[in-house]
Amino acid sequence: MPTVTATARKLLVTVTYNGLPKSFEVEPHATVQSLLQQAIQTFGIAQQPHIFALFGSAGELVDQSSIQDAGVKEGDVLILRPSAVRGGGQ
Numbered sequence: 026m027p028t029v030t031a032t033a034r035k036l037l038v039t040v041t042y043n044g045l046p047k048s049f050e051v052e053p054h055a056t057v058q059s060l061l062q063q064a065i066q067t068f069g070i071a072q073q074p075h076i077f078a079l080f081g082s083a084g085e086l087v088d089q090s091s092i093q094d095a096g097v098k099e100g101d102v103l104i105l106r107p108s109a110v111r112g113g114g115q
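Take the sequence shown: its letter number 69 is residue 94 in the numbering used here, and every next letter is one higher.
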């Protein structure tokens, strides 16, 4: 039975923002937050970056979860967009 080791291979995932896709290599044990920060930086989001979140087919990914625990798999396409929860209102 295969086991996961500390040297687990990276996953290749795509993050899409405003229709523009970018590929990222991520460790399965890395947090969703770390991928979110990479994506925000890569797409050059300077206005209110704190309101953004990553979304998969099942909805918004939890920042504190690992990539693996969030259900992200090799080849998945995630969407970077503002989170309704984080955006809030005044």
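We treat Cβ as the ideally placed atom computed from N, Cα and C, and that holds for glycine.
If residue i and residue j are in contact, beta carbons under 8 angstroms, what's the gap, nearest whole angstrom?
i     : j     : result
Phe49 : Ala64 : 7 angstroms
Val57 : Ala95 : 5 angstroms
Gln93 : His54 : 7 angstroms
Within the continuous alpha helix (DSSP H) that includes residue i, where are the two ends?
i     : result
Val38 : Counting along the chain, Val38 falls outside any alpha helix (DSSP H), though it belongs to the beta strand (DSSP E) covering Leu36 to Tyr42.
What residue range does the beta strand (DSSP E) around residue i cover?
i      : result
Ala78  : Phe77 to Gly81
Ile104 : Val102 to Pro107
Using beta carbons (cut-off 8 angstroms, strictly below), is residue i in contact with chain C?
i     : result
Leu36 : Absent here is chain C; the protein component of the structure consists of one chain.
Assign residue i to one of three DSSP states: helix, strand, or coil.
i      : result
Pro53  : coil
Ser3   : Within the shown structure, residues of the chain are numbered from 26 to 115, placing residue 3 beyond reach of any answer.
Val110 : helix
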